[in-house]
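Residue numbers (our numbering), protein chains in the order written: chain A, 1193 to 1480; chain B, 7 to 284.
Just so you know, even glycine gets a beta-carbon here, dropped at the ideal spot from N, CA and C.
Keep in mind the model is a prediction, meaning the values are calculated, not measured.
Note sheet for the following structure.
Next up, the structure:
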């Protein structure tokens, strides 16, 4: 299995000082789904944005490399990087409500990358968009093409966004919490759909989420983050059955279960947080 | 927002605006007499429904015996020229600067935003009078003055909206689709702020009509021998106790024009927004 994404020693820092991601390394192989789990502020979205080159202005990659099929994305010229984006690397946005442009029809948005990267004609691209909508099992795909985003439900919009991500047959898709904004039943369908599409197209996926339950359903590999540090990494079976890090174990214990009463919720103990915060502080002491 | 209500605003507002435009366009054909012709026997003649009115002077005559109706019709020309030309130029300048400030950020944004701050700290009408006094009177000067003063109105709104749109995830999605920044600005951002810009344009046109009236009121617009609504108000002010109609008709016309433009803007806002349009 060849590596699609090879992040090595990635450090993301605020320009005015302070680190958000502290020397994270992770690999995603062809056709694999790699889960990136952690609490809010753990730095998972920053890693995703660093790969896509859309870090906020106040933030930058200070050290490390992001290898994509053997080339370091960070060393590419903006022009060559843009040629990869949307062609070889695609994104499924977090929020289906704002992930689509409210004033453009679905067909216009779906055909952008097909026309831009693959040079397809309007009609050709429309045909492909239709085929993609059928593949993500949207009812009435022909009609949906000519609709505006506000005329679709949240689940349908997320299906459109998934179809768009797979449009150019990229080798890597970055999915940033693609199911967080959806309700639980729709969430389950969307997860299944992403997994189906990913298997059918042989696409590698970096799947960002805060939900270990989601990771267990969809991922082959998992990286657990806390305060921008890797606390646990490995295959999903290994991590789920014998997690080494106290934080991973606490996180698994904190996942609510429907077969247990609500009073059995276990928050992650403060001491576990504190240990990891101390580790982050030690890291910052060594790397100002 | 029902379709009926939406149509009502556009129909009434747009209808009145279109009517005014037609009147301005065909002024020489529509005006019953020469607007400059003086007849001192008809001095301060009342409108048609009052006693001792003259049927050839339907809306009465002013202190020099000139026909009020003909003057109103001819004065629609400078008013609408200023509204359309100044409104459009203001929109282009303000929107371009607002897009640049909002989308490029950094030094460009700081520079443009500070300029807007300084600009808006001047009282607008005084600034207009100052500018026209500097560059000379005439329709050109009025238009230049309005554009130089009011571009901030578009700039502020467009910048704020561009910033808001740039935060949206679909912009990230477009960036990660490999599109260039320029393409994203025009294809993704602009369609979302266009309804706002068009509404502002109608507002700006009504403001331009008022500014033109103010400047002609103080005698700084077109030369005094061609009629303007503001000039008519200034002349009528001196005879308000004897002949209210000389001042009341141009005031009423300005009011109607401004209201119609604002109504049209409101209607367009809902009609152009894909979310409100259903």
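Backbone CA spacing between residue i and residue j [nearest angstrom]
i, j, result
"residue 1169 of chain A", "residue 1348 of chain A", "The structure shown has nothing for residue 1169 of chain A, since chain A only spans 1193 to 1480."
"residue 1277 of chain A", "residue 194 of chain B", "17 Å"
"residue 155 of chain B", "residue 232 of chain B", "25 Å"
"residue 13 of chain B", "residue 1197 of chain A", "55 Å"
"residue 46 of chain B", "residue 79 of chain B", "21 Å"
"residue 122 of chain B", "residue 197 of chain B", "24 Å"
"residue 88 of chain B", "residue 207 of chain B", "13 Å"
"residue 1209 of chain A", "residue 1444 of chain A", "33 Å"
"residue 1248 of chain A", "residue 1239 of chain A", "12 Å"
"residue 139 of chain B", "residue 1297 of chain A", "50 Å"
"residue 1424 of chain A", "residue 1265 of chain A", "25 Å"
"residue 90 of chain B", "residue 150 of chain B", "13 Å"
"residue 57 of chain B", "residue 51 of chain B", "10 Å"
"residue 1478 of chain A", "residue 1420 of chain A", "15 Å"
"residue 1270 of chain A", "residue 187 of chain B", "11 Å"
"residue 1337 of chain A", "residue 183 of chain B", "19 Å"
"residue 246 of chain B", "residue 119 of chain B", "45 Å"
"residue 1318 of chain A", "residue 1330 of chain A", "15 Å"
"residue 269 of chain B", "residue 219 of chain B", "20 Å"
"residue 30 of chain B", "residue 1372 of chain A", "58 Å"
"residue 1375 of chain A", "residue 1458 of chain A", "23 Å"
"residue 1306 of chain A", "residue 142 of chain B", "56 Å"
"residue 1473 of chain A", "residue 1267 of chain A", "30 Å"
"residue 133 of chain B", "residue 242 of chain B", "26 Å"
"residue 1280 of chain A", "residue 1448 of chain A", "37 Å"
"residue 1464 of chain A", "residue 1195 of chain A", "33 Å"
"residue 274 of chain B", "residue 212 of chain B", "15 Å"
"residue 102 of chain B", "residue 236 of chain B", "31 Å"
"residue 1242 of chain A", "residue 1204 of chain A", "8 Å"
"residue 174 of chain B", "residue 168 of chain B", "10 Å"
Chain B contact for residue i (CB, 7 Å cutoff)
i, result
"residue 1164 of chain A", "Missing from the structure shown is residue 1164 of chain A; chain A here goes from 1193 to 1480 and no further."
"residue 1194 of chain A", "no"
"residue 1237 of chain A", "no"
"residue 1303 of chain A", "no"
"residue 1227 of chain A", "no"
heavy atom of the ligand HEM below 6 Å from residue i C-beta
i, result
"residue 266 of chain B", "This structure does not include the ligand HEM; it has no bound ligands of any sort."
Per DSSP, the bridge partner or partners of residue i
i, result
"residue 1173 of chain A", "Past the boundaries of the shown model lies residue 1173 of chain A; chain A is included only from 1193 to 1480, so the question cannot be answered."
"residue 1399 of chain A", "A:1227, A:1367"
"residue 136 of chain B", "DSSP output for residue 136 of chain B lists no bridge partner at all."
"residue 1259 of chain A", "A:1198, A:1264"
"residue 57 of chain B", "None; residue 57 of chain B has no bridge partner."
"residue 1421 of chain A", "A:1418"
"residue 1189 of chain A", "Only positions 1193 to 1480 of chain A appear in the structure, and residue 1189 of chain A is not among them; the question remains open."
"residue 1283 of chain A", "A:1366"
"residue 73 of chain B", "B:67"
"residue 264 of chain B", "Looking at the DSSP assignment, residue 264 of chain B forms no beta bridge with any residue, so it has no partner."
"residue 1221 of chain A", "A:1195"
"residue 122 of chain B", "According to DSSP, residue 122 of chain B bridges with nothing at all."
"residue 1277 of chain A", "A:1281"
"residue 1216 of chain A", "A:1202"
Short CB-CB distance (under 7 Å) between residue i and chain A
i, result
"residue 198 of chain B", "yes"
"residue 194 of chain B", "yes"
Just checking, does the segment 257-264 of chain B make contact with the segment 194-207 of chain B on the three C-beta pairs under 8 Å criterion? Contact check between the segment 257-264 of chain B and the segment 194-207 of chain B: fewer than three CB pairs, one atom from each, fall below 8 Å, which does not count as touching.
Residues of the segment 160-187 of chain B whose Cβ lies closer than 8 Å to any Cβ of chain A, in chain order: Those residues of the segment 160-187 of chain B that come within reach of chain A (Cβ to Cβ, closer than 8 Å) are 174, 175, 176, 178, 179, 180, 181, 182, 183, 184, 185, 186.
Between the segment 1242-1273 of chain A and chain B, which residues of the former have CB atoms less than 8 Å from a CB of the latter, in chain order? Within the segment 1242-1273 of chain A, the qualifying residues are 1244, 1245, 1246, 1249.
Listed from N- to C-terminal order along the chain, which residues in the segment 1277-1295 of chain A have their beta-carbon within a distance smaller than 8 Å of any beta-carbon of chain B? Result list: 1277, 1278, 1279, 1281, 1282, 1283, 1285, 1286, 1287, 1290, 1291, 1292, 1293, 1294, 1295.
Do the segment 1209-1227 of chain A and the segment 1401-1416 of chain A touch if we need at least three Cβ pairs shorter than 8 Å? With the cut-off at 8 Å, the segment 1209-1227 of chain A and the segment 1401-1416 of chain A touch.
Is the segment 165-183 of chain B close to the segment 1282-1301 of chain A, with three or more CB pairs under 8 Å? Because the criterion of three Cβ pairs below 8 Å is met, the segment 165-183 of chain B and the segment 1282-1301 of chain A touch.
Answer yes if the segment 68-75 of chain B comes into contact with the segment 214-225 of chain B, meaning at least three C-beta pairs across the two stretches below 8 Å, and no otherwise. A contact is defined here as three or more CB-CB pairs under 8 Å, and the segment 214-225 of chain B fails this definition with respect to the segment 68-75 of chain B.
Count the C-beta pairs between the segment 1351-1366 of chain A and the segment 1317-1337 of chain A that are closer than 8 Å, then say yes if the count reaches three, no if not. These segments touch.
Whether or not the segment 260-271 of chain B and the segment 23-33 of chain B are in contact is what I'm after, with contact meaning three or more pairs of Cβ atoms, one per stretch, closer than 8 Å; do they touch? Contact between the segment 23-33 of chain B and the segment 260-271 of chain B is present, because at least three Cβ pairs lie under 8 Å.
Counting Cβ pairs, one atom from each stretch, are 3 or more of them under 8 Å apart for the segment 1380-1397 of chain A and the segment 1358-1372 of chain A? Judged by Cβ distances under 8 Å, the segment 1380-1397 of chain A makes contact with the segment 1358-1372 of chain A, as three or more pairs qualify.
May I ask you to list, following chain order, the residues of the segment 1308-1319 of chain A that have a beta carbon less than 7 Å from some beta carbon of chain B? Within the segment 1308-1319 of chain A, the residues whose Cβ lies closer than 7 Å to some Cβ of chain B are 1308, 1309, listed in chain order.
Report yes or no: do three or more beta-carbon pairs, one from the segment 105-114 of chain B and one from the segment 158-173 of chain B, lie closer than 8 Å? In the pairwise beta carbon analysis, the segment 105-114 of chain B is classified as touching the segment 158-173 of chain B: at least three pairs are separated by under 8 Å.
Cβ contact check for the segment 1424-1443 of chain A and the segment 1395-1415 of chain A: 3 or more pairs under 8 Å: Taking a cut-off of 8 Å on C-beta distances, the segment 1424-1443 of chain A touches the segment 1395-1415 of chain A, as three or more cross pairs fall below it.
Contact set between the segment 1428-1448 of chain A and chain B, restricted to residues whose Cβ is under 8 Å from the partner: Cβ contacts with chain B come from no residue of the segment 1428-1448 of chain A.
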